[in-house]
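First comes the structure, then the notes that go with it.
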Amino acid sequence: MSNDTTPQARAIALVTAYYDAFNRGDRQAMLALLAEDVVHDLNQGPRETGREAFAAFMQRMDASYRERLEDIVVLATADGTRAAAEYVVHGQYLKDDEGLPPAKGQAYVLPGGAFFDIRDGKIARVTNYYNLQDWIAQVG
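This is how it looks when you write it as structure tokens:
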């Protein structure tokens with residue numbers, strides 16, 4: 424991400440790099456793109472703060488799910504402080520997740536989206552959205 428690009432282009436490149444790292448399974452590369460005090464709003468869940476909490480969340484997710492995001496579209500504001508992404512999750516439910524149906528290796532395809540705050544070239548907030556009822560219907 425060179426400094427001669429617009430703030431908007433840098434924001435899009437940052438979020439794109441985040442999803443590229445996700446799809447490669449490179450959690451360290453993902454974490455490196457986050458601010459130390461990153462805020463993570465879980466879909467229909469609590470707000471978590473900090474890179475350590477984010478890393479623990481990813482470990483929990485990786486234990487229960489194998490996911491790949493496709494059809495990713497990233498948009499950003501002209502000033503590069505906010506971005507949004509839309510994507511389709513292609514996943515497999517591997518291990519029971521607390522409070523959810525039993526896992527039997529079920530496959531699922533689920534549209535999702537996320538909103539980002541960007542500060543000093545890092546992701547400062549990630550807010551994820553998907554339809555939990557749709558997911559439960561697919562794996563239940």
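Heads up: the sequence shown begins at 424 in my numbering, then just goes up one per residue.
We treat Cβ as the ideally placed atom computed from N, Cα and C, and that holds for glycine.
Same chain, Cβ closer than 8 Å to Ala507, five either side skipped, listed in chain order: Closer than 8 Å at the Cβ level, and outside the excluded window around Ala507, lie Val497, Leu498, Ala499, Gly536, Ala537, Phe538, Phe539.
Contained beta strand (DSSP E) runs [length at least 3] in the region 452–478, N- to C-terminal order: Note on the region 452–478: whole beta strand (DSSP E) runs with a minimum of 3 residues are 457–464, 470–472, in chain order.
Would Ala486 and Lys518 qualify as a contact pair, given that the criterion is a beta-carbon distance under 8 Å? Lys518 sits close to Ala486, with the two beta carbons spaced by under 8 Å.
What are the boundary residues of the beta strand (DSSP E) that Pro534 is part of? Residues 530–542.
Looking at C-alpha atoms only, which residue of Asn554, Trp558, Ala501 is the closest neighbour of Pro525? Of the residues Asn554, Trp558, Ala501, the one whose Cα lies closest to the Cα of Pro525 is Trp558.
Would you say Gln431 and Ala478 are within 8 Å of each other, going by their C-beta atoms? Not closer than 8 Å, so no.
How is Thr550 classed by DSSP in three states: helix, strand or coil? Strand, per DSSP.
Nearest neighbour of Val461, chosen from Ala560, Ala440, Gly473 [CA to CA]: Relative to Val461, the option among Ala560, Ala440, Gly473 whose CA is nearest is Gly473.
With a threshold of 8 Å on Cβ separation, who are the neighbours of Arg542 within its own chain once the five nearest residues in sequence on each side are excluded? Same-chain partners within the cutoff: Ala458, Thr504.
With DSSP as the reference, identify every bridge partner of Tyr441, one or two as the case may be. According to DSSP, Tyr441 shares a beta bridge with no other residue.
Rounded C-alpha distance that separates Asn554 from Phe445: Taking the straight line joining both Cα atoms gives about 20 Å.
Same chain only: Cβ atoms within 6 Å of His463, ignoring 5 sequence neighbours per side: The residues are Glu471, Phe477, Val549.
Is Gly522 buried or exposed, if buried means 16 or more other CB atoms sit within 10 Å of its CB? The Cβ neighbour count for Gly522, taken over all protein chains shown within 10 Å, is under 16; the residue is labelled exposed.
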